[in-house]
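Each residue of the sequence shown is one higher than the last, beginning at 0 in numbering that gives the first Met the number 0. Accompanying notes for the structure given below.
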Amino acid sequence: MKQSFLLALIYFFVLNSCGFKVASFQQNFNISEVNSIGDTRINYKIKNKLLSNNKSSSQNLIIINIDSNKIKSIKEKNINNEVTKYELTINSKIDYEALNSNLVGSFSLSKRGDYSVSEKYSDTLIKEKKLLSSLVNELSNEIQETIINIFNDS
0 MKQSFLLALI YFFVLNSCGF KVASFQQNFN ISEVNSIGDT RINYKIKNKL
50 LSNNKSSSQN LIIINIDSNK IKSIKEKNIN NEVTKYELTI NSKIDYEALN
100 SNLVGSFSLS KRGDYSVSEK YSDTLIKEKK LLSSLVNELS NEIQETIINI
150 FNDS
């Protein structure tokens, strides 16, 4: 009995401590300025999200330029040629420039989602706003992760 318990305990510790660690990157820059072109509502939300997460004590200052646009298209129609589903796409081009170094570049990101049409127009608008908010949050997180990866690689 003691041997099986001891053997199970050894297996537990051997299998539990395999050495796997989650890679975590720290933000080693501060955003000094965010300029925006395009859809003002989307850019405003992205700017606020980026600046609210700007808590690094680093001296690396960067300037970010965001050019975003929203494309709303019809995804599905029914037999009566009535729209039943819309697709919403947000495209963003992000330019960055580090003030303390010569690191300059740009990248593009795109997020896409769809929502169904409701009986009431106001319900359809609410679904569109919720989807837009969700896509902008995902886009903001991806922008921040991409910039962190760029600055950690340099």
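Cβ atoms here follow ideal geometry from the backbone N, Cα and C, with glycine treated the same way.
- The beta carbons of I61 and E96 sit closer together than 8 Å.
- Its Cα nearest to that of S105, the residue D94 stands out among R111, D94, D113, L98.
- The secondary-structure analysis by DSSP pairs R111 across a beta bridge with T88.
- One Cα belongs to G112, the other to L98, and the distance between them is close to 36 Å.
- The alpha-carbon of I41 is positioned some 27 Å away from that of K76.
- Using a 10 angstroms sphere on the CB of I73, the tally of other CB atoms stays under 16, which defines it as exposed.
- Annotation for I142: the continuous alpha helix (DSSP H) segment containing it runs 120-152.
- Distance from the Cα of S132 is smallest, within the candidate group N148, Q58, Y114, for Y114.
- The stretch 128-142 makes contact with the stretch 78-91, as at least three CB pairs between them are under 8 Å.
- Straight-line spacing of the CA atoms in K48 and N140 works out to 8 Å.
- Nearest neighbour of S35 by Cα position, chosen from N101, Y43, N79, turns out to be Y43.
- In the structure shown, S100 adopts coil according to DSSP, grouped into three states.
- Per DSSP, reduced to three states, the secondary structure at S3 is helical.
- K54 sits in coil when the DSSP states are folded into three classes, being neither helix nor strand.
- Taking 8 Å as the cut-off, the Cβ atoms of I146 and L108 do not count as close.
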